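Chain order of the listed sequences is A and B.
At the far end of the first sequence sits residue 431, using UniProt numbering, and the numbering has no gaps.
At the far end of the second sequence sits residue 431, using UniProt numbering, and the numbering has no gaps.
By construction, the Cβ of each residue, glycine as well, lies at the ideal position given by its N, Cα and C atoms.
It should be emphasised that the depicted structure is a prediction, and the values quoted were computed from it without experimental measurement.
For reference, the structure discussed in these notes is given below.
There are 2 protein chains.
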Amino acid sequence: MVKKIKLGLLGGGTVGTGVIKVLQDNYHDIKEKIGCDIEVSKVLVRNVEKHRALSDMVTLTTNADDILEDKEIDIVVELLGGIHPALEYMLKAMNNGKHVVTANKDVVAQFGKDVFDAAEKNDVDFMFEASVGGGIPIITPLKQSLTANKITDLIGIVNGTTNYMLTKMAEQGMDYATALQRAQAKGYAEADPTADVEGLDAARKVAILSSIAFNTRISLDDVKVEGITKITPEDISYAKELGFAVKLLAVAKNTKDGIDVRVHPTFLPKSHPLASVRNVYNAVFIHGNAVGDTMFYGRGAGEKPTASAVLADIIDVARDMGKDRFGRIRCTCYEEKKLCPPDKVRSGYYIRLLVEDKPGVLGAIATAFGESEISLHSVIQKRKVADRSEIVAITHDVNNSQIEDIKVRLNNLDVVSEISNMIRVIMPQGD
Amino acid sequence: MVKKIKLGLLGGGTVGTGVIKVLQDNYHDIKEKIGCDIEVSKVLVRNVEKHRALSDMVTLTTNADDILEDKEIDIVVELLGGIHPALEYMLKAMNNGKHVVTANKDVVAQFGKDVFDAAEKNDVDFMFEASVGGGIPIITPLKQSLTANKITDLIGIVNGTTNYMLTKMAEQGMDYATALQRAQAKGYAEADPTADVEGLDAARKVAILSSIAFNTRISLDDVKVEGITKITPEDISYAKELGFAVKLLAVAKNTKDGIDVRVHPTFLPKSHPLASVRNVYNAVFIHGNAVGDTMFYGRGAGEKPTASAVLADIIDVARDMGKDRFGRIRCTCYEEKKLCPPDKVRSGYYIRLLVEDKPGVLGAIATAFGESEISLHSVIQKRKVADRSEIVAITHDVNNSQIEDIKVRLNNLDVVSEISNMIRVIMPQGD
Numbered sequence: 001m002v003k004k005i006k007l008g009l010l011g012g013g014t015v016g017t018g019v020i021k022v023l024q025d026n027y028h029d030i031k032e033k034i035g036c037d038i039e040v041s042k043v044l045v046r047n048v049e050k051h052r053a054l055s056d057m058v059t060l061t062t063n064a065d066d067i068l069e070d071k072e073i074d075i076v077v078e079l080l081g082g083i084h085p086a087l088e089y090m091l092k093a094m095n096n097g098k099h100v101v102t103a104n105k106d107v108v109a110q111f112g113k114d115v116f117d118a119a120e121k122n123d124v125d126f127m128f129e130a131s132v133g134g135g136i137p138i139i140t141p142l143k144q145s146l147t148a149n150k151i152t153d154l155i156g157i158v159n160g161t162t163n164y165m166l167t168k169m170a171e172q173g174m175d176y177a178t179a180l181q182r183a184q185a186k187g188y189a190e191a192d193p194t195a196d197v198e199g200l201d202a203a204r205k206v207a208i209l210s211s212i213a214f215n216t217r218i219s220l221d222d223v224k225v226e227g228i229t230k231i232t233p234e235d236i237s238y239a240k241e242l243g244f245a246v247k248l249l250a251v252a253k254n255t256k257d258g259i260d261v262r263v264h265p266t267f268l269p270k271s272h273p274l275a276s277v278r279n280v281y282n283a284v285f286i287h288g289n290a291v292g293d294t295m296f297y298g299r300g301a302g303e304k305p306t307a308s309a310v311l312a313d314i315i316d317v318a319r320d321m322g323k324d325r326f327g328r329i330r331c332t333c334y335e336e337k338k339l340c341p342p343d344k345v346r347s348g349y350y351i352r353l354l355v356e357d358k359p360g361v362l363g364a365i366a367t368a369f370g371e372s373e374i375s376l377h378s379v380i381q382k383r384k385v386a387d388r389s390e391i392v393a394i395t396h397d398v399n400n401s402q403i404e405d406i407k408v409r410l411n412n413l414d415v416v417s418e419i420s421n422m423i424r425v426i427m428p429q430g431d
Numbered sequence: 001m002v003k004k005i006k007l008g009l010l011g012g013g014t015v016g017t018g019v020i021k022v023l024q025d026n027y028h029d030i031k032e033k034i035g036c037d038i039e040v041s042k043v044l045v046r047n048v049e050k051h052r053a054l055s056d057m058v059t060l061t062t063n064a065d066d067i068l069e070d071k072e073i074d075i076v077v078e079l080l081g082g083i084h085p086a087l088e089y090m091l092k093a094m095n096n097g098k099h100v101v102t103a104n105k106d107v108v109a110q111f112g113k114d115v116f117d118a119a120e121k122n123d124v125d126f127m128f129e130a131s132v133g134g135g136i137p138i139i140t141p142l143k144q145s146l147t148a149n150k151i152t153d154l155i156g157i158v159n160g161t162t163n164y165m166l167t168k169m170a171e172q173g174m175d176y177a178t179a180l181q182r183a184q185a186k187g188y189a190e191a192d193p194t195a196d197v198e199g200l201d202a203a204r205k206v207a208i209l210s211s212i213a214f215n216t217r218i219s220l221d222d223v224k225v226e227g228i229t230k231i232t233p234e235d236i237s238y239a240k241e242l243g244f245a246v247k248l249l250a251v252a253k254n255t256k257d258g259i260d261v262r263v264h265p266t267f268l269p270k271s272h273p274l275a276s277v278r279n280v281y282n283a284v285f286i287h288g289n290a291v292g293d294t295m296f297y298g299r300g301a302g303e304k305p306t307a308s309a310v311l312a313d314i315i316d317v318a319r320d321m322g323k324d325r326f327g328r329i330r331c332t333c334y335e336e337k338k339l340c341p342p343d344k345v346r347s348g349y350y351i352r353l354l355v356e357d358k359p360g361v362l363g364a365i366a367t368a369f370g371e372s373e374i375s376l377h378s379v380i381q382k383r384k385v386a387d388r389s390e391i392v393a394i395t396h397d398v399n400n401s402q403i404e405d406i407k408v409r410l411n412n413l414d415v416v417s418e419i420s421n422m423i424r425v426i427m428p429q430g431d
């Protein structure tokens, strides 16, 4: 019979503080649910002075081994982020017989196999719900609730910073730079926003989700990534007019040609459940061959939402400790599926062109699309820009070589001054 | 080491057939995930002739004891629906040492304590994900993923039939009777639609969800229920005009005055994530003190979606069998919370009145509201109906006695011909 579960936190920042606070706020219920006492016994910090506020409640240390070598600590909660030394600390904890709960998307996306192997070898639990989607339950639903399905499609808004920026651009007409400044002022974007705006954060998360959904290891390198830096107020305004929202989507598909995983800005029909996900909210849309369409929605980051996910994992481990049986659900990557060749990936496109304003231009452009064997959903001649005019085309699904082909053809047309932007499109479907 | 898990199905109808089909379609992956073989060994049906299509794959029987007394059957899957004999069969199965998975909302909502006690006594698993929200993962997320939260609000669209009807009324202008006929023609509504349209189906589901969310047993009798039969095209059209959708909501709140659980049609702001849940889709919106707002969306019924949830539970039990440890998460009703007294329940109201068309009417009505101490969000004089005119008022939050009071006052006014309808309102909130 377990009397008291002791937690060692690696990291006393936002999420660590959240875990301590939520455990304190909801202590009575959490204790009731796990059937024994639970406490945060030590927290690893870089600077004890800076975290003095925590020192009334927990023991602070600057030496990781004070936690990793402490025989009384049952669960190590890794909240440092980044690969090193988080990875080494987690491995050491597991080798010392401790269960590990983490919010670290970098380690899971890039060194997933290593940590799962260590968990298996040491017969300990390794849990990572908080690594994707903040407080949104998504790893557990995938590993348990939807596990009877063959999952074919997973589409997520998994980066709150960029979703906030795109919401502001759409609803308040801000340009990219202003939206970024606003996000930074609100604390939603870092001083160096690269990982968010270039799609790398979303790529790590979709690597984790698709590995679980498709039962094959997808690493960060397998994800094609494109950020939102080229999105202009014009694109967003055309999207609206045509019945679309512009979202940075993480898209993962299990196709007959292989696994296709990518992150890119997308024109999404207004009627799609993901289109109304606003501001810093995240959501993951999943299609399974039994369940059909499902969606999971909530706050993708923040002190308490992320702590909610971390504590759910801690409580799950505690329930396993009560039964003295670990590793109920191990790594689920039991297959090695191949990636979809780039040329088999198909998608619709929005193409915005600047063209000469004279008769016959539309015909010349339509002919070029025809020569690339691209069928058009719509072509619209839009506003004037100085002595030129703008044309917006939406294509039906095409493959990569068709898109490369049409780029060359359009650039070769005298009447085309520039291809201003190309953004992928998901077409509306009937219900 | 378990070699093969044998399932006995009670019921070979829609969901039973779905379970057999999905297990067949996804057999390879399911076997891989549980680490052993699995098969449906017997199915209880009322009429073997009628289910001849199944008899190639499984053994059919009309005698429940062929399953309940079969020592080789590990898991009994109860899909009969209704209280009797489903309850007795489940209890017998557990007393014979079998795990039970069910989709039966009636038994869980009304005899939850009995089945949980039997599971505890016999150290077997009892699982019921499919009893609420069809394929939507909701029970497992509540019991595991959100378990570190104090849940304060749970709002669900948990009846697909009525959501389909209200969608058709809103989008195609159908009246109630036509929408019901359409739902019946599509197979979404029964010949006797009472349980759906009067809100009883939703009431059972919210009793189950709120028991888990608030850790106290809420039974069907604790739920205040009002159906959609009084909703007219006029109400829906006013709702639209005022920026609302009309939805049949299951609302459960954990307030300082007690637990408040009810089912009723509601004016919901268009900006609320539940407002865009269309047709037969279901969704459950949950607010926790750590996670904030979350939502779970998907198909609330149907052969394969429900089978997805049933099989998730079966796989969970199989994973427990692999570890030979059961009851990781037992009944979570460890408290006895009181219900909120009716007079403490507060809500906004939409009130549609038919009044005489003469000067001073609006003033008289506004005065009546003032005397009931009801503050108005808006009062709008609307269309003409013969020689009368219609007035629509939206109130801020009021309690029950204020609503009873204003009814009397309005009925006593000479200028008021009738109170045409009163529907609860959830007000838009800032973000």
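Considering only C-alpha positions, which residue in the set Ile406(A), Asp387(A) and Gln24(A) is nearest to Thr395(A)? Residue mapping note: residue 395(A) aligns to position 395 of the first sequence, counting from 1. Thr395(A) has its Cα closest to that of Ile406(A), out of Ile406(A), Asp387(A) and Gln24(A).
Skipping 5 residues on each side, what residues in its chain have a beta carbon closer than 6 Å to that of Asp293(A)? Translated into positions along the first sequence, residue 293(A) becomes position 293. Once the five neighbours on either side are set aside, the close Cβ partners of Asp293(A) are His287.
Simplified DSSP assignment, three categories, for Asp414(B): Counting from one through the second sequence, the residue named residue 414(B) turns up at place 414. Assigned with DSSP and collapsed to three states, Asp414(B) falls in coil, not helix or strand.
Please decide whether Ser211(A) counts as near chain B, where near means a Cβ-Cβ distance under 8 Å. Translated into positions along the first sequence, residue 211(A) becomes position 211. Not closer than 8 Å to any Cβ of chain B, the Cβ of Ser211(A) fails to qualify, so no.
Using a C-beta cutoff of 8 Å, does Val291(A) count as contacting chain B? Within the first sequence, residue 291(A) is the residue found at index 291, counting from 1. Cβ-Cβ to chain B under 8 Å: yes for Val291(A).
Against chain A, with Cβ distances strictly below 8 Å, would Asp431(B) count as a contact? Position 431 of the second sequence holds residue 431(B). Interpretation of Asp431(B) is limited by its pLDDT of 44, a score under 50 that renders its predicted location unreliable; no figure is taken from the coordinates.
Taking all protein chains shown into account, do 16 or more other C-beta atoms lie within 10 angstroms of the C-beta of Asp431(B), making it buried, or fewer, making it exposed? Start at 1 with the first residue of the second sequence, and residue 431(B) comes out as number 431. Confidence at Asp431(B) is low in this model, with a pLDDT of 44, below 50, so the placement of that residue should be treated as unreliable; the coordinate-derived value is given next. Result: exposed.
Select from the region 212-244 of chain A all residues with a C-beta closer than 9 Å to any C-beta belonging to chain B, and list them in chain order. Those residues of the region 212-244 of chain A that come within reach of chain B (Cβ to Cβ, closer than 9 Å) are Asn215.
Taking Cβ positions only, does Ala130(B) come closer than 8 Å to chain A? Residue mapping note: residue 130(B) aligns to position 130 of the second sequence, counting from 1. Taking 8 Å as the CB threshold, Ala130(B) stays off the interface with chain A.
Under 9 Å (Cβ pairs) to chain B, residues found in the region 39-50 of chain A: Answer in chain order: no residues at all.
Separation of Lys50(A) from Met57(A), as counted between CA atoms: Along the first sequence, read from residue 1 onward, the residue named residue 57(A) stands at position 57. Along the first sequence, read from residue 1 onward, the residue named residue 50(A) stands at position 50. Using only the alpha carbons, I get a separation of about 15 Å.
Less than 8 Å separating the beta-carbons of Glu410(B) and Val385(B)? In the second sequence, the residue the question calls residue 410(B) occupies position 410. In the second sequence, the residue the question calls residue 385(B) occupies position 385. According to the sequence provided, residue 410(B) is Leu. The question's Glu does not apply to it. For Leu410(B) and Val385(B), no; Cβs fall outside 8 Å.
Which residue comes first and which comes last in the alpha helix (DSSP H) that contains Asn163(A)? Taking the first sequence and counting its residues from 1, the one referred to as residue 163(A) is at position 163. Residue range Gly160 to Gln172 is occupied by the alpha helix (DSSP H) that includes Asn163(A).
Residues near Asp37(A) in its chain [Cβ-Cβ closer than 8 Å; skip 5 each side]: The residue given as residue 37(A) occupies position 37 in the first sequence. These residues qualify, in order along the chain: Lys3, Lys4, Ile5 and Lys31.
What do you get for Tyr238(B), buried or exposed, if any count of 16 or more other CB atoms within 10 angstroms of its CB means buried? Here residue 238(B) corresponds to residue number 238 of the second sequence, with the count starting at 1. Buried.
Min CB distance Phe296(A) to chain B below 8 Å: The residue you call residue 296(A) lines up with position 296 of the first sequence. Yes, Phe296(A) counts as interfacial toward chain B.
For Tyr350(A), which residues in the same chain have their Cβ closer than 6 Å to its Cβ, ignoring the five residues on either side in sequence? The sequence position of residue 350(A) within the first sequence is 350, counting from 1. So the qualifying residues of the chain are Phe267, Ile394, Ile423 and Val425.
If you run the structure through DSSP and keep just helix, strand and coil, what is Phe369(A)? Translated into the one-based positions of the first sequence, residue 369(A) becomes position 369. In the structure shown, Phe369(A) sits in a helix (DSSP, three-state: H, G or I).
Contact under 8 Å by Cβ, Tyr89(B) with Glu78(B): Walking along the second sequence from the start, residue 89(B) turns up at place 89. Walking along the second sequence from the start, residue 78(B) turns up at place 78. Yes, the pair counts as a contact, with Cβ atoms nearer than the cut-off.
Taking 8 Å as the cut-off, decide whether the C-beta atoms of Lys143(B) and Asn289(B) are in contact. Numbered from 1 along the second sequence, position 143 holds the residue referred to as residue 143(B). Numbered from 1 along the second sequence, position 289 holds the residue referred to as residue 289(B). No, the Cβ-Cβ distance between Lys143(B) and Asn289(B) is not below 8 Å.
Can you find a C-beta in chain B that's less than 8 Å from the C-beta of Gly16(A)? On the first sequence, position 16 is the one that residue 16(A) refers to. So, not an interface residue.
Any Cβ of chain A within less than 8 Å of the Cβ of Gly135(B)? The count along the second sequence starts at 1 and reaches residue 135(B) at position 135. Interface with chain A (8 Å Cβ-Cβ cutoff): Gly135(B) is included.
Inter-residue spacing [alpha-carbon to alpha-carbon] between Asp316(A) and Ser375(A): Numbered from 1 along the first sequence, position 316 holds the residue referred to as residue 316(A). Numbered from 1 along the first sequence, position 375 holds the residue referred to as residue 375(A). One alpha carbon belongs to Asp316(A), the other to Ser375(A), and they sit about 51 Å apart.
Might you give, ordered along the chain, the residues of its own chain that have their beta carbon closer than 7 Å to the beta carbon of Lys113(A), omitting 5 neighbours on each side? As a first step, residue 113(A) is located in the first sequence; it is residue number 113 there, counting from the start. Closer than 7 Å at Cβ, skipping near neighbours: Arg217.
When Cβ atoms are compared, which residues of the region 138-156 of chain B fall closer than 7 Å to chain A? Of all residues in the region 138-156 of chain B, Thr140, Pro141, Gln144, Ser145, Leu146, Thr147, Ala148, Asn149 and Lys150 have a Cβ within less than 7 Å of some Cβ in chain A.
Chain B residues whose Cβ lies nearer than 7 Å to that of Glu32(A): For this step, residue 32(A) is matched to residue 32 along the first sequence. Taking a Cβ-Cβ cut-off of 7 Å, the neighbours of Glu32(A) in chain B comprise Tyr334, given in sequence order.
CB contact flag (Glu303(B), Thr59(B), <8 Å): By 1-based counting over the second sequence, the position of residue 303(B) is 303. By 1-based counting over the second sequence, the position of residue 59(B) is 59. Going by beta carbons, Glu303(B) and Thr59(B) fall outside the 8 Å limit.
So with Cβ pairs under 8 Å, would you call Ala307(B) a contact of chain A? Here the question's residue 307(B) lines up with position 307 in the second sequence. Ala307(B) belongs to the set of residues whose beta carbon lies under 8 Å from a beta carbon in chain A.
Where Ala185(B) meets chain A, residues with beta-carbon distance less than 8 Å: Mapped onto the second sequence, residue 185(B) falls at position 185. Within 8 Å Cβ-Cβ: nothing; Ala185(B) doesn't reach chain A, min ~17 Å.
If contact means a Cβ-Cβ distance below 7 Å, which residues of the region 312-328 of chain A contact chain B? Result list: Ala312, Ile315, Asp316, Arg319, Lys323, Arg325 and Arg328.
Skipping 5 residues on each side, what residues in its chain have a beta carbon closer than 7 Å to that of Ala195(B)? Reading the second sequence from its first residue, position 195 is the one you call residue 195(B). Only Asp201 meet the Cβ criterion.
So, helix, strand or coil for Glu390(A), using DSSP? Numbered from 1 along the first sequence, position 390 holds the residue referred to as residue 390(A). In the structure shown, Glu390(A) sits in a strand (DSSP, three-state: E or B).
Taking Cβ positions only, does Lys304(A) come closer than 8 Å to chain B? The residue labelled residue 304(A) in the question sits at position 304 within the first sequence. The C-beta of Lys304(A) comes closer than 8 Å to at least one C-beta of chain B.
Counting along the chain, where does the beta strand (DSSP E) carrying Lys105(B) start and finish? Position 105 of the second sequence, counting from 1, holds the residue named residue 105(B). Note, Lys105(B): premise wrong, no beta strand (DSSP E); alpha helix (DSSP H) at Lys105 to Asn122.
Tyr297(B) lies in the alpha helix (DSSP H); which residues open and close that run? Position 297 of the second sequence, counted from the start, is the residue given in the question as residue 297(B). That residue, Tyr297(B), is in no alpha helix (DSSP H); its beta strand (DSSP E) goes Gly292 to Arg299.
Ala191(A), DSSP secondary structure in three states: For the purposes of this step, residue 191(A) is identified with residue 191 of the first sequence, where counting begins at 1. Judged by DSSP in its simplified three-state form, Ala191(A) adopts coil rather than helix or strand.
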